[in-house]
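Counting from 1 along the sequence shown, just add 12 to a position and that's the residue number in the working numbering.
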Amino acid sequence: MIRNKTMLITGAGALLLLVGGCEKKVGGQVVAVVNGEEVTQQEVNAELQAANIPATADKKAVMAQVVQQIVDRKLLVQKAKAEGLDKSPNYLEQLRRGEDALIINLLTTKAAKGVALPDTAAVDKFIAENPTLFSERKRYTLDQISFPQPTDQTVLRQLEPAHSLEAVAATLSAAGIQFTRGKADLDSAMLPPPVAAKIAALPAGEPFVTPDKGRIVASVITSTTPSPTPEAQARPAALELLRRQSLGTAMQKQLDAARAAAKITYQPGFTPPKTPAPGATATAP
Numbered sequence: 013m014i015r016n017k018t019m020l021i022t023g024a025g026a027l028l029l030l031v032g033g034c035e036k037k038v039g040g041q042v043v044a045v046v047n048g049e050e051v052t053q054q055e056v057n058a059e060l061q062a063a064n065i066p067a068t069a070d071k072k073a074v075m076a077q078v079v080q081q082i083v084d085r086k087l088l089v090q091k092a093k094a095e096g097l098d099k100s101p102n103y104l105e106q107l108r109r110g111e112d113a114l115i116i117n118l119l120t121t122k123a124a125k126g127v128a129l130p131d132t133a134a135v136d137k138f139i140a141e142n143p144t145l146f147s148e149r150k151r152y153t154l155d156q157i158s159f160p161q162p163t164d165q166t167v168l169r170q171l172e173p174a175h176s177l178e179a180v181a182a183t184l185s186a187a188g189i190q191f192t193r194g195k196a197d198l199d200s201a202m203l204p205p206p207v208a209a210k211i212a213a214l215p216a217g218e219p220f221v222t223p224d225k226g227r228i229v230a231s232v233i234t235s236t237t238p239s240p241t242p243e244a245q246a247r248p249a250a251l252e253l254l255r256r257q258s259l260g261t262a263m264q265k266q267l268d269a270a271r272a273a274a275k276i277t278y279q280p281g282f283t284p285p286k287t288p289a290p291g292a293t294a295t296a297p
């Protein structure tokens with residue numbers, strides 16, 4: 013019996029030594045330890061790179077601040093995990109979406125390396141064909157009415173005869189739809205060129221309707237200010253837009269090929285339309 017107790021005590025002592033030997037300490041690439049979790053120099057460097065610190069900044073002071081931010085973040089993460097939030101369905105779903113976005117971003121970055129930059133002729137042609145982005149760029153002041161996307165689409169059709177914002181308001185009030193009214197600014201360069209061209213061609217005071225995150229916005233232009241893009245900015249902007257278009261085309265081809273090769277089944281009622289849903293467009297009611 014004494015021999016067995018001695019073995020147990022000896023074994024327990026060895027276990028304590030083993031646990032003590034695994035304790036994490038600062039030094040080398042480990043700049044801090046938070047409840048046994050390391051903060052590495054690599055983490056700090058990544059944070060510094062993302063922060064885009066000015067060259068004139070006190071790097072030691074900034075680094076100390078960044079380390080503290082990482083420590084604070086890890087403390088909050090540890091607190092959340094202690095409460096089991098990392099096992100919640102909401103967290104797991106957001107984690108999956110974040111991982112999807114990250115890997116798609118890496119795929120896009122890889123595809124971008126194979127996209128050739130357009131030549132000077134292509135850039136000049138793009139500038140000439142899209143005047144609302146460059147020479148005919150305008151800034152509008154708008155009077156707007158915003159209301160929730162109606163479940164009954166007949167309401168939108170009732171707005172078609174409305175040729176003023178007051179008529180839009182009257183139609184919505186008659187239908188019992190609550191709305192808000194306010195002012196906004198609009199840059200034609202922020203719109204797809206075909207949409208910008210339609211808005212520019214509207215008669216004075218004619219409303220145009222656009223969807224916006226589950227709401228419908230009816231707008232009327234109250235003032236227009238010409239704001240042509242300076243020539244020094246036009247070429248770089250056109251080059252970037254063309255590059256994005258080429259990258260979008262390349263990614264769409266990859267998606268089409270993946271979709272064609274995939275085996276996809278849908279539960280009844282969840283089958284998507286055969287053609288993609290049209291993007292946001294502006295239409296006169």
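The beta-carbon is built from N, C-alpha and C at its ideal position, and this holds for glycine as well. No experiment lies behind these values; they were computed from the predicted model shown.
May I have a chain-ordered list of the beta strand (DSSP E) segments no shorter than 3 residues that lie completely inside the stretch 70–95?
-> none
Coil, strand or helix - Y312 by DSSP | The question about residue 312 has no answer here: the residues shown for the chain are numbered 13 through 297.
Since D136 is in the alpha helix (DSSP H), which residue starts that stretch and which ends it?
-> Here residue 136 is taken as the residue at index 124 of the sequence shown, counted from 1. Start and end: T132 to E141.
Bridge partner(s) assigned by DSSP for Y152 = On the sequence shown, position 140 is the one that residue 152 refers to. Y152 pairs with L198 and T236.
Of the choices G281, A94 and A230, whose alpha-carbon is the least far from that of E172?
-> Numbered from 1 along the sequence shown, position 160 holds the residue referred to as residue 172. Nearest C-alpha to E172: A230.
Would you say T277 touches the ligand ADP, meaning its beta carbon is less than 7 Å from a heavy atom?
-> With respect to the ligand ADP, the structure shown offers nothing to examine, as it has no ligands at all.
Are three or more beta carbon pairs between the stretch 132–145 and the stretch 217–230 nearer than 8 Å?
-> no
Might you give, ordered along the chain, the residues of its own chain that have their beta carbon closer than 8 Å to the beta carbon of I189, omitting 5 neighbours on each side?
-> The count along the sequence shown starts at 1 and reaches residue 189 at position 177. Excluding residues within five positions, the ones whose Cβ falls inside 8 Å are F159, P160, P162 and V167.
Between T52 and N117, what straight-line distance do the alpha-carbon atoms span, to the nearest angstrom?
-> On the sequence shown, residue 52 is found 40 positions in, with the first residue counted as 1. On the sequence shown, residue 117 is found 105 positions in, with the first residue counted as 1. T52 and N117: Cα-Cα distance of roughly 25 Å.
Going straight from the alpha carbon of A208 to that of D197, what length do you get?
-> Position 196 of the sequence shown, counted from the start, is the residue given in the question as residue 208. Position 185 of the sequence shown, counted from the start, is the residue given in the question as residue 197. Cα-Cα distance, rounded: 14 Å.
Quick one: give me the first and last residue of the beta strand (DSSP E) that V42 is part of.
-> Here residue 42 is taken as the residue at index 30 of the sequence shown, counted from 1. Taken as a continuous stretch (DSSP letters only), the beta strand (DSSP E) holding V42 covers V42 to V46.
Mind checking who A230 pairs with in its DSSP beta bridge?
-> Translated into the one-based positions of the sequence shown, residue 230 becomes position 218. Paired residue(s): I157 and V221.
Would you grab the beta carbon distance between S235 and R149 for me? Rounded to a whole angstrom, and I think it's under 8 Å.
-> Along the sequence shown, read from residue 1 onward, the residue named residue 235 stands at position 223. Along the sequence shown, read from residue 1 onward, the residue named residue 149 stands at position 137. The Cβ separation is near 15 Å, so there is no contact.
Length of the line joining the Cα atoms of F282 and L114 = Numbered from 1 along the sequence shown, position 270 holds the residue referred to as residue 282. Numbered from 1 along the sequence shown, position 102 holds the residue referred to as residue 114. F282 and L114: Cα-Cα distance of roughly 26 Å.
What span of residues does the alpha helix (DSSP H) with V167 cover, start to end?
-> Translated into positions along the sequence shown, residue 167 becomes position 155. It spans T166 to Q170 - the alpha helix (DSSP H) in which V167 sits, taken as one unbroken run.
Should P215 be labelled buried (16 or more other beta-carbon atoms within 10 Å of its own) or exposed?
-> Taking the sequence shown and counting its residues from 1, the one referred to as residue 215 is at position 203. With fewer than 16 Cβ atoms within 10 Å of its Cβ, P215 is classed as exposed.
Quick one: what does DSSP say V51 is sitting in, helix, strand or coil?
-> Here residue 51 refers to the residue found at position 39 of the sequence shown. DSSP places V51 in strand when its eight states are reduced to three.
DSSP bridge partner residues for T192 (one or two, in chain order) | For the purposes of this step, residue 192 is taken as the residue at position 180 of the sequence shown. BP columns for T192 point to S158.
Whole-angstrom distance between P130 and K71, CA atom to CA atom | Stepping through the sequence shown from its first residue, residue 71 is reached at position 59. Stepping through the sequence shown from its first residue, residue 130 is reached at position 118. Approximately 40 Å between the Cα atoms of the pair.
Determine the DSSP secondary structure at G39, reduced to helix, strand or coil.
-> Within the sequence shown, residue 39 is the residue found at index 27, counting from 1. Three-state result, G39: strand.
Can you say whether T176 is buried or exposed, counting buried as having 16 or more other CB atoms within 10 angstroms of its CB?
-> Within the sequence shown, numbered from 1, the residue matching residue 176 stands at position 164. Checking the sequence, you will find Ser at residue 176 rather than Thr. Exposed, since its Cβ has fewer than 16 Cβ neighbours within 10 Å.
Please name the residue in P143, K99 and E55 whose C-alpha comes closest to that of P242.
-> The residue given as residue 242 occupies position 230 in the sequence shown. Closest by alpha carbon: P143.
Straight-line gap, F220 to A249 (C-alpha atoms, nearest Å) | In the sequence shown, the residue the question calls residue 220 occupies position 208. In the sequence shown, the residue the question calls residue 249 occupies position 237. In a straight line, the C-alpha of F220 is about 27 Å away from that of A249.
So what does DSSP say about V127, is it helix, strand or coil?
-> Translated into the one-based positions of the sequence shown, residue 127 becomes position 115. Residue state, collapsed to three classes: coil.
Measure the C-alpha to C-alpha separation of V42 and L60 and round it to an integer number of angstroms.
-> On the sequence shown, residue 42 is found 30 positions in, with the first residue counted as 1. On the sequence shown, residue 60 is found 48 positions in, with the first residue counted as 1. If I take the Cα positions, the gap works out to 16 Å.
Tell me whether T183 is buried or exposed, calling it buried when 16 or more other Cβ atoms sit within 10 Å of its Cβ.
-> Within the sequence shown, numbered from 1, the residue matching residue 183 stands at position 171. With 16 or more Cβ atoms within 10 Å of its Cβ, T183 is classed as buried.
Starting from the Cα of E218, find the closest Cα among L119, D155 and R247 and give me that residue.
-> Taking the sequence shown and counting its residues from 1, one reaches residue 218 at position 206. Minimum Cα distance to E218 is reached at D155.
Look at the alpha carbon of V38 and the alpha carbon of A44, and state the distance between them as a whole number of angstroms.
-> Residue 38 sits at position 26 when you count from the first residue of the sequence shown. Residue 44 sits at position 32 when you count from the first residue of the sequence shown. For V38 and A44, the distance between alpha carbons rounds to 6 Å.
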